[in-house]
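Report on one structure; see the data block that follows.
Protein chains: 2
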Amino acid sequence: MNKLYSVTELAAELKVTPRALRFYEDKGLIVPQRAGKTRVYTHRDRGRIILILRGKRLGFSLREIAEWLDLYDQDPGQVEQMRLTLSKTRKRIKALEARQRDLEETLQELRGIETAVEDFLKSKGADAEAAE
Amino acid sequence: MNKLYSVTELAAELKVTPRALRFYEDKGLIVPQRAGKTRVYTHRDRGRIILILRGKRLGFSLREIAEWLDLYDQDPGQVEQMRLTLSKTRKRIKALEARQRDLEETLQELRGIETAVEDFLKSKGADAEAAE
DNA sequence: CAAGAATATGACGTAAAGGTAAACCAGCCG
DNA sequence: CGGCTGGTTTACCTTTACGTCATATTCTTG
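Those sequence lines, one after another, are chains Y and C.
The first sequence begins at 1 in this note's numbering and counts up one residue at a time.
The second sequence begins at 1 in this note's numbering and counts up one residue at a time.
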């Protein structure tokens, strides 16, 4: 199961462009191996890129993503190192929980609006369906 | 309770720069009144800006935010209009729920990492605390 | 071996979201 | 009245995250 990918292959699978992958590499977020000059991506690279893309969807910059990307990929080194990892992890959890609250609030408001509008339409005897 | 604000006042309260507020206006996200040439912001403007900022924290572009901002601010007009509002609202809810799943996954992974690292430190007889 | 097809590097372009600086008014204060 | 304080444009600058060539090289396949 240790598939290897070319840029275009992996890019296609993850629905990004090869340019994007090279860009992430430029920024140090991934370091694919090379066969000669040609980039070769492993399963691990793929995993990191998926994390990057999820981070982006959540609105983080590549710089921020770079900062916590390594958390996923620690081998137990020295105790001091692990302590740092722990604190970073906790900080990141806090940040994400804050976003979660933003999201929850927004969703609640929108659900409120949804039912209000539904009720309005129902009171008009209008079907809530239709309308693109 | 109908306080009015100047750019700098409101900007300070919301922790953004006046430039940002003018920029949002430029993009049509807010339309403060004017006293002569001077911008005057109402409570309603303030509310909209808070929504904008929350949207930004969730990683949406100003263009996207602009598209759903009016949902919060509909007066029941014609039935057709409301139907459209309903469908837009539902789309937006879907999008936010998707982000919620991203967030939930990420949090779960990080919590996994957190306890793993905690256990590692515990096994080393090291205190999980300390380390900035 | 000639002719694509895929990759690489490098340079330049671009859209979004402001920051920053310049030049100009209006109101107010001592 | 002179000068600050805060406001308004206009214009250009910056950073991020790629897109888009141009050019060179390497692979592969008839």
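For each residue, glycine too, the CB sits at the ideal point set by N, CA and C.
Below-7 Å beta-carbon distance, residue i vs any chain C residue
{"i": "Arg57 (chain Y)", "result": "yes"}
{"i": "Ile93 (chain Y)", "result": "yes"}
{"i": "Leu14 (chain Y)", "result": "no"}
{"i": "Leu62 (chain Y)", "result": "no"}
{"i": "Leu10 (chain Y)", "result": "no"}
{"i": "Ala131 (chain Y)", "result": "Low per-residue confidence applies at Ala131 (chain Y): pLDDT is 46, beneath 50, and the placement is therefore not dependable enough to give any value."}
{"i": "Pro32 (chain Y)", "result": "no"}
{"i": "Lys3 (chain Y)", "result": "no"}
Beta carbon proximity, residue i to chain Y, threshold 7 Å
{"i": "Val79 (chain C)", "result": "yes"}
{"i": "Phe23 (chain C)", "result": "no"}
{"i": "Glu114 (chain C)", "result": "yes"}
{"i": "Asp102 (chain C)", "result": "yes"}
{"i": "Ser6 (chain C)", "result": "no"}
{"i": "Arg54 (chain C)", "result": "yes"}
{"i": "Pro18 (chain C)", "result": "no"}
{"i": "Phe120 (chain C)", "result": "yes"}
Residues that residue i contacts on chain C, provided the C-beta gap is smaller than 7 Å
{"i": "Lys124 (chain Y)", "result": "Val79"}
{"i": "Val117 (chain Y)", "result": "Met82, Thr85, Leu86, Thr89"}
Residue span of the alpha helix (DSSP H) that contains residue i, given as start and end
{"i": "Gln108 (chain C)", "result": "79-123"}
{"i": "Val7 (chain Y)", "result": "7-14"}
{"i": "Pro215 (chain C)", "result": "Residue 215 (chain C) lies beyond the residue range present for chain C, which begins at 1 and ends at 132; the question has no answer from this structure."}
{"i": "Leu4 (chain Y)", "result": "Careful: Leu4 (chain Y) lies outside any alpha helix (DSSP H) and carries neither H nor E."}
{"i": "Leu69 (chain Y)", "result": "62-69"}
Per DSSP, cross-strand counterpart(s) of residue i
{"i": "Gln33 (chain C)", "result": "C:Val40"}
Beta-carbon neighbours of residue i, restricted to chain Y and to distances below 9 Å
{"i": "Leu110 (chain C)", "result": "Trp68, Leu71, Tyr72, Thr89, Arg90, Arg92, Ile93, Leu96"}
{"i": "Arg48 (chain C)", "result": "Result: empty, since nearest Cβ-Cβ is about 13 Å, beyond 9 Å."}
Within chain C, the residues that residue i reaches when beta carbons sit closer than 8 Å
{"i": "Leu29 (chain Y)", "result": "Here the premise fails: no neighbours, minimum Cβ distance about 16 Å."}
Proximal chain C residues relative to residue i, where beta-carbon distance stays under 9 Å
{"i": "Arg99 (chain Y)", "result": "Arg57, Leu58, Gly59, Arg99, Leu103"}
Where residue i meets chain Y, residues with beta-carbon distance less than 8 Å
{"i": "Thr38 (chain C)", "result": "Correct list: empty, because the minimum Cβ distance to chain Y is about 31 Å."}
{"i": "Thr42 (chain C)", "result": "Correct list: empty, because the minimum Cβ distance to chain Y is about 20 Å."}
Are the stretch 86-95 of chain C and the stretch 44-53 of chain C in contact at 8 Å, needing three or more beta carbon pairs?
Flag = no, the stretch 86-95 of chain C and the stretch 44-53 of chain C do not touch.
Touch test, the stretch 94-106 of chain C against the stretch 88-101 of chain Y, Cβ-Cβ under 8 Å, three pairs minimum:
Look at the beta carbons and you see the stretch 94-106 of chain C touching the stretch 88-101 of chain Y: at least three pairs across the two are nearer than 8 Å.
Within the chosen definition, does the stretch 28-47 of chain Y reach the stretch 7-19 of chain Y through at least 3 CB pairs nearer than 8 Å?
Touching, yes.
Using 8 Å as the Cβ pair cut-off and three pairs as the minimum, do the stretch 58-70 of chain C and the stretch 57-76 of chain Y touch?
Contact check between the stretch 58-70 of chain C and the stretch 57-76 of chain Y: three or more CB pairs, one atom from each, fall below 8 Å, which counts as touching.
How do the stretch 72-80 of chain Y and the stretch 69-78 of chain C stand: do at least 3 beta-carbon pairs fall below 8 Å, yes or no?
These segments do not touch.
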